[in-house]
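Have a look at the structure below before the remarks.
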Amino acid sequence: ILQPDTQSIPITTKPSTSKPRRSTNQRGSILKNLSGEDSLKLKELMDFCTNMSNKVLELKSNVIDIKSTYQESTEKLEGRVERLEEENMVLKELTGVHSTDNVDEPIMEKEKSSKQGWKIEDIDADVEINLEKAQAEAYNLDLDHQEKVLS
-5 ILQPDTQSIP
5 ITTKPSTSKP
15 RRSTNQRGSI
25 LKNLSGEDSL
35 KLKELMDFCT
45 NMSNKVLELK
55 SNVIDIKSTY
65 QESTEKLEGR
75 VERLEEENMV
85 LKELTGVHST
95 DNVDEPIMEK
105 EKSSKQGWKI
115 EDIDADVEIN
125 LEKAQAEAYN
135 LDLDHQEKVL
145 S
């Protein structure tokens, strides 16, 4: 990626004839020995490399920022998922409390509870009858009126 202020520099594809690295003193003397045009090309190339290195560092920094942002949002979503799963478990437990039979209960206790259920139904029926009688007395109603009229 070239920045708008950088010029296009042709790069030759000839095999490298460079020699092993020399010390900085030798490099300085080599730069002095270069002709003006070669020195200008070398300076442009070095500027280009510096710009590209800076761009790479900037992009790496951007990638790190993006990763941290996605990591934060992922952690938030994972937290929400965990809370929702906990809520689902609580709801399942609540519906389990209201279920009809408990599997762990012994058979004898189930039979006793079913007998008690019948007793409760009988008591409820008696309460309804007693309630009807109490209401009839309160409002001076004759409960046997239908039978008397129809007979």
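Here our numbering is used: the first residue of the sequence shown is -5, the next is one more, and so on.
Built from N, CA and C at the ideal position, the CB exists for glycine as well.
Because the structure is a prediction, the values reported are computed rather than measured.
Look at Ser55 here: in three-state DSSP terms it is helix. If the five residues before and after Ser33 are omitted, its C-beta is found closer than 6 Å to no C-beta atom of its own chain. DSSP places Ser29 outside both helix and strand once states are collapsed to three, so it counts as coil. Here the C-alpha atom of Glu69 lies approximately 27 Å from the C-alpha atom of Leu51.
In its own chain, leaving out the 5 sequence neighbours on each side, no residue places its CB closer than 6 Å to the CB of Ile60.
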